[in-house]
Amino acid sequence: MDVQGRDLSETVWTRLDRKAGAVIELTIRQLRHKISTWVVLALGTMLMILLLAFYIDSVREGFESIDNDGDSVDQDRDGYPLGQERKYGTSDWNGEEYPGSGTYIYEGEIDWNDENREISGNKTWEGVSLLDATWIDIDYKGGQWDYVIDWDDVADCPDTRGELFVDWIPDFASACELEDGTYATNGKFNAEGNITVPRDYYLTYGYVTGIFDVPKDPKEMYIDEDDIDWDGSAGSQGVDDDGDCLRTDWFAQLDGSDEYMWWEEPHRPDANGNGIQCDVIWVINSQTGEVISISADSSVDEDPVDENYAGEASHRTFVIATGKIAFVLLLGLFLPLFLSLGLVRDETERGTLHYLLSKPIHRGEFILYRVLGYMGVVSVFVLALSLVMGLITSIIGPGESLLRVGDLPVWFGIAIATILVLAAYGSLFNTVGLLLPKYGVYLCIVIGVWEFAMGFTTLISPSSSIATLSVSHWGLQLIDSIVMVSWPDTLQFSQMSSAFGLQTGLEWIWSPPVHTLNSSNAYLGILTSVIMLMGVSLSMIGIGSAVFSKREIM
Amino acid sequence: MTAKAPAVMIESASKWYGEVIGLNDVSLAIDGGVTGVLGPNGAGKSTLFKLLLGRLKPSQGTVRLFGTDPWESTSPFRRVGYVSETEPLYEWMTGLDFLMTMARLHGMTRDEARERAEHVLEFVGLSDVRYKEVGKYSKGMRQRVKIAHALVHDPDLIILDEPLHGCDPLARTSIMSVIRELGNRGKTVIVSSHILEEIERITEQIVILNNGRLLALGNLHAIRGLLDKHPHRILLETESPRDLAKELITRKPIYGVRFPEEGFLEIQTGDLSAAHEILPSAIIESGIRVTAVENPDDNLDSLLGYLVGGE
Numbered sequence: 001m002d003v004q005g006r007d008l009s010e011t012v013w014t015r016l017d018r019k020a021g022a023v024i025e026l027t028i029r030q031l032r033h034k035i036s037t038w039v040v041l042a043l044g045t046m047l048m049i050l051l052l053a054f055y056i057d058s059v060r061e062g063f064e065s066i067d068n069d070g071d072s073v074d075q076d077r078d079g080y081p082l083g084q085e086r087k088y089g090t091s092d093w094n095g096e097e098y099p100g101s102g103t104y105i106y107e108g109e110i111d112w113n114d115e116n117r118e119i120s121g122n123k124t125w126e127g128v129s130l131l132d133a134t135w136i137d138i139d140y141k142g143g144q145w146d147y148v149i150d151w152d153d154v155a156d157c158p159d160t161r162g163e164l165f166v167d168w169i170p171d172f173a174s175a176c177e178l179e180d181g182t183y184a185t186n187g188k189f190n191a192e193g194n195i196t197v198p199r200d201y202y203l204t205y206g207y208v209t210g211i212f213d214v215p216k217d218p219k220e221m222y223i224d225e226d227d228i229d230w231d232g233s234a235g236s237q238g239v240d241d242d243g244d245c246l247r248t249d250w251f252a253q254l255d256g257s258d259e260y261m262w263w264e265e266p267h268r269p270d271a272n273g274n275g276i277q278c279d280v281i282w283v284i285n286s287q288t289g290e291v292i293s294i295s296a297d298s299s300v301d302e303d304p305v306d307e308n309y310a311g312e313a314s315h316r317t318f319v320i321a322t323g324k325i326a327f328v329l330l331l332g333l334f335l336p337l338f339l340s341l342g343l344v345r346d347e348t349e350r351g352t353l354h355y356l357l358s359k360p361i362h363r364g365e366f367i368l369y370r371v372l373g374y375m376g377v378v379s380v381f382v383l384a385l386s387l388v389m390g391l392i393t394s395i396i397g398p399g400e401s402l403l404r405v406g407d408l409p410v411w412f413g414i415a416i417a418t419i420l421v422l423a424a425y426g427s428l429f430n431t432v433g434l435l436l437p438k439y440g441v442y443l444c445i446v447i448g449v450w451e452f453a454m455g456f457t458t459l460i461s462p463s464s465s466i467a468t469l470s471v472s473h474w475g476l477q478l479i480d481s482i483v484m485v486s487w488p489d490t491l492q493f494s495q496m497s498s499a500f501g502l503q504t505g506l507e508w509i510w511s512p513p514v515h516t517l518n519s520s521n522a523y524l525g526i527l528t529s530v531i532m533l534m535g536v537s538l539s540m541i542g543i544g545s546a547v548f549s550k551r552e553i554m
Numbered sequence: 555m556t557a558k559a560p561a562v563m564i565e566s567a568s569k570w571y572g573e574v575i576g577l578n579d580v581s582l583a584i585d586g587g588v589t590g591v592l593g594p595n596g597a598g599k600s601t602l603f604k605l606l607l608g609r610l611k612p613s614q615g616t617v618r619l620f621g622t623d624p625w626e627s628t629s630p631f632r633r634v635g636y637v638s639e640t641e642p643l644y645e646w647m648t649g650l651d652f653l654m655t656m657a658r659l660h661g662m663t664r665d666e667a668r669e670r671a672e673h674v675l676e677f678v679g680l681s682d683v684r685y686k687e688v689g690k691y692s693k694g695m696r697q698r699v700k701i702a703h704a705l706v707h708d709p710d711l712i713i714l715d716e717p718l719h720g721c722d723p724l725a726r727t728s729i730m731s732v733i734r735e736l737g738n739r740g741k742t743v744i745v746s747s748h749i750l751e752e753i754e755r756i757t758e759q760i761v762i763l764n765n766g767r768l769l770a771l772g773n774l775h776a777i778r779g780l781l782d783k784h785p786h787r788i789l790l791e792t793e794s795p796r797d798l799a800k801e802l803i804t805r806k807p808i809y810g811v812r813f814p815e816e817g818f819l820e821i822q823t824g825d826l827s828a829a830h831e832i833l834p835s836a837i838i839e840s841g842i843r844v845t846a847v848e849n850p851d852d853n854l855d856s857l858l859g860y861l862v863g864g865e
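From first to last, the protein sequence lines are chains A and B.
According to our numbering, the first sequence is numbered sequentially starting from 1.
According to our numbering, the second sequence is numbered sequentially starting from 555.
Structure representation (structure tokens):
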């Protein structure tokens, strides 16, 4: 009896296996012979091709370096980019003024109401004055817009016009010689000597840099020239790589008068006010390692290497958005709507159900095997699709290596999340199809709309509690968790995107998993999501089996 | 215990769908041989089969297949083959494919399934079309492949619901011989039909259902014998019915004549067999030409009419 009993149980189990295999295989073959299967699979594939085209056309293009601080432009087309003109203190609005062109640098002035109205030295002067010169630079040409005095055309001052500087002054850009050998000037000139500024008149002075040959910097030098320098720890970070905050190696220092032209950024080397010039303060939660805030002095880390940041972040945004919207929300809902709703119902309608029910297979098992058969079809499809998407985007995505190996776990995770979602919807829709053979499809559409709404609610507000009543919420959170495990620095990318103004969409499409049993641990996020999704699948199969087992079939 | 239990055991089983009665207090035991289940459409044949196949739960009474309740357990189905009345098949499968799939649903390995499928296809005479898609089969071939699917796991009980329905005479003959052969091999076969003549050619053991009730159970000839002793009509087609009537009215078991329409003579008798015995010689003696002889009462309706106790 014992021996017989054991033999029997072995036979029962192996036979059960074979029957399961037969039902699953039949289901797969039936789905393969349905046109709607191929239509929905083809639509899914087309969606992915479109996304890839978009990726290649737009996202990949976007990896080209962006001049985040805008100093690579050359407005006056003199061949020197703005960054280089700033360094030399020349204007990027004046094509005749460029590094090495001999620019007038302001030093000081004698105002209308200044008491002391005498000054001497070898300078470049501009204004109305009485010049007692020891040397005059008669070759000085000045800039395009300067009223430079032409010393070749200096006449004696007329004595017929009344008192000099009271009744008259020399014409603009001219000078005249007085009887004592001094000059009355009105305009710009280069000279050494004593200068007296008449009351109520105005003179500025400075010097002109020597004319020398400055090689033109290529535009590219001013793109991505100040990368984000962060070692991952909190506190004062950041290096002013291009020196435009510290202004080291600058040929022209501003006068420090804190006066700026309307187009200039105020130079605030300690904008964050921590007493350290040209740094970035990173505030980090010591427990979670999460970046809480980033505040930078001006012109520090302001032009990061886009390949490293925007490129990487955009790539991740694309992968995560594809996983969440295309895989989980679209494929996740539409595949089961077309493939699982009729798993048992169609068989009843077509009148072939009795071939399956007159077999020694329990009806509950039968439901399970049907769902498994459907899962076989959609799993292979989703795995293949995600593998192809993963390979293509890993090859053409940003980065030094030939293949972004680190992407593959994310794509695999997306496939697993989608498969779990497909299982949940598949068993849900199949059960609805069983309960309401006629109107189930309408209920499924209502469920689909709800799931879409909750999916987008989850995207917009991941911690929304109403969304936890949906399958899509858990599918999306599963992707969030997998991303956090596979790309642990995504959170930093997301925060850097917002801190340094890199527009990548990463902070919109991804956020750390919410339901981690208050641990912020991504693995617990995976665990809760998987349990929820599997729970929905199993309970739906359970309900479907229970209903179907006790149903009389006419 | 289970091994000795009869293939089919029904005790006071009733099934009603709301107000409508499908089966009313039927008790029945069938084991071995071919049994015909006769009854007009709506008599309860399909309800009976659905109870046997565990698709319906009896409202009252018990149904047992090999001693097990088919509603509770699917285990008896490994010994049961069922040919449904419904037409659909998996049209895209080849005959062999279909049978192999069905065999594997019984837990056979692929190799076993292939061997059994080839075997039963041979048995029902479809070997040469086994690689053809079922969708391209003729009506008779479809019916036979359905029978083959019910035999693929070598069941002890085979239930066929209207297997001859809609088949051409050739297909009918071959299906009938298949069924008879199964009976000869010691299987329990249950065949339903609403045509008496069909059942008569297959088996003598019958169950008659009407309006959900079990009317008769037993040997068809015995039941017919009862019927023969009952007033019965024979319809003769002849050019001169009145002359023929004169010749026949005096003969022993004939007690009445009628002229239902031009060119027809209806004679009434109390003993159908005796009447048929004397008819040929009487007609020859009369020298009147008779083109057809029909037994309008020799059908299920009149049998039922008699059994119910009407005319």
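From the three backbone atoms N, C-alpha and C, an ideal C-beta is built for every residue, glycine too.
Rounded C-alpha distance that separates residue i from residue j
{"i": "residue 116 of chain A", "j": "residue 233 of chain A", "result": "56 Å"}
{"i": "residue 469 of chain A", "j": "residue 456 of chain A", "result": "13 Å"}
{"i": "residue 840 of chain B", "j": "residue 795 of chain B", "result": "12 Å"}
{"i": "residue 762 of chain B", "j": "residue 582 of chain B", "result": "11 Å"}
{"i": "residue 452 of chain A", "j": "residue 472 of chain A", "result": "7 Å"}
{"i": "residue 223 of chain A", "j": "residue 308 of chain A", "result": "13 Å"}
{"i": "residue 354 of chain A", "j": "residue 735 of chain B", "result": "25 Å"}
{"i": "residue 255 of chain A", "j": "residue 107 of chain A", "result": "Legend: pLDDT at residue 255 of chain A = 47, less than 50; position of this residue unreliable, value from coordinates given subsequently. In a straight line, the C-alpha of residue 255 of chain A is about 8 Å away from that of residue 107 of chain A."}
{"i": "residue 31 of chain A", "j": "residue 380 of chain A", "result": "13 Å"}
{"i": "residue 187 of chain A", "j": "residue 240 of chain A", "result": "41 Å"}
{"i": "residue 486 of chain A", "j": "residue 511 of chain A", "result": "14 Å"}
{"i": "residue 257 of chain A", "j": "residue 267 of chain A", "result": "Its pLDDT being 47, under 50, residue 257 of chain A is placed unreliably in this model, and the coordinates cannot settle the point."}
{"i": "residue 194 of chain A", "j": "residue 177 of chain A", "result": "15 Å"}
{"i": "residue 173 of chain A", "j": "residue 93 of chain A", "result": "23 Å"}
{"i": "residue 729 of chain B", "j": "residue 599 of chain B", "result": "20 Å"}
{"i": "residue 428 of chain A", "j": "residue 444 of chain A", "result": "9 Å"}
{"i": "residue 547 of chain A", "j": "residue 594 of chain B", "result": "33 Å"}
{"i": "residue 423 of chain A", "j": "residue 572 of chain B", "result": "37 Å"}
Exposure of residue i, with buried meaning 16 or more beta-carbon neighbours within 10 Å
{"i": "residue 786 of chain B", "result": "buried"}
{"i": "residue 780 of chain B", "result": "exposed"}
{"i": "residue 775 of chain B", "result": "exposed"}
{"i": "residue 545 of chain A", "result": "buried"}
{"i": "residue 563 of chain B", "result": "buried"}
Residue i: first and last residue of the uninterrupted alpha helix (DSSP H) it sits in
{"i": "residue 800 of chain B", "result": "795-802"}
{"i": "residue 703 of chain B", "result": "693-705"}
{"i": "residue 101 of chain A", "result": "From DSSP, residue 101 of chain A is part of no alpha helix (DSSP H); its letter is neither H nor E."}
{"i": "residue 383 of chain A", "result": "363-396"}
{"i": "residue 583 of chain B", "result": "Looking at the DSSP string, residue 583 of chain B is not in any alpha helix (DSSP H); the run it does join, the beta strand (DSSP E), is 574-584."}
{"i": "residue 848 of chain B", "result": "Taken as a continuous stretch (DSSP letters only), residue 848 of chain B belongs to no alpha helix (DSSP H), being part of the beta strand (DSSP E) at 844-848."}
{"i": "residue 570 of chain B", "result": "Element bounds for residue 570 of chain B: not the alpha helix (DSSP H) but the beta strand (DSSP E), 562-571."}
{"i": "residue 45 of chain A", "result": "35-54"}
{"i": "residue 492 of chain A", "result": "490-499"}
Extent of the continuous beta strand (DSSP E) run through residue i
{"i": "residue 444 of chain A", "result": "Here residue 444 of chain A belongs to no beta strand (DSSP E); instead the alpha helix (DSSP H) covers 440-460."}
{"i": "residue 174 of chain A", "result": "174-177"}
{"i": "residue 477 of chain A", "result": "That residue, residue 477 of chain A, is in no beta strand (DSSP E); its alpha helix (DSSP H) goes 471-486."}
Compile a chain-ordered list of the residues in the segment 338-356 of chain A whose CB is closer than 8 Å to at least one CB of chain B.
-> So the close ones are 350, 351, 352, 354, 355, 356.
Can you check the segment 279-355 of chain A for any alpha helix (DSSP H) of at least 4 residues that lies completely inside it and give the ranges in chain order?
-> Counting only runs of at least 4 residues, the segment 279-355 of chain A fully encloses the following alpha helix (DSSP H) elements, listed from N- to C-terminal order: 310-321, 332-339, 345-350.
Alpha helix (DSSP H) segments (min. 4 residues) lying fully within the segment 647-682 of chain B | The qualifying runs are 649-659, 664-678.
At what residue ranges does the segment 729-788 of chain B contain a whole run of the alpha helix (DSSP H), taking only runs of 4 or more?
-> Fully enclosed alpha helix (DSSP H) runs of 4 or longer: 750-756, 774-782.
Anything in the segment 14-28 of chain A with a Cβ closer than 8 Å to a Cβ of chain B? List those residues in chain order, please.
-> Here the close residues are 14, 15, 16, 18, 19, 21, 22, 23, 25, 26.
Going along the chain, which residues of the segment 510-536 of chain A sit with their C-beta nearer than 7 Å to a C-beta in chain C?
-> As a matter of chain content, chain C is missing from the structure shown, whose protein chains are A and B.
Within the segment 68-142 of chain A, note down every full beta strand (DSSP E) run reaching 3 residues or more, in order along the chain.
-> Those beta strand (DSSP E) runs which fall completely within the segment 68-142 of chain A and span 3+ residues are 104-110, 118-136.
Could you run through the segment 645-658 of chain B and flag, in chain order, every residue whose CB is less than 7 Å away from some CB of chain A?
-> Those residues of the segment 645-658 of chain B that come within reach of chain A (Cβ to Cβ, closer than 7 Å) are 646, 655, 656, 658.
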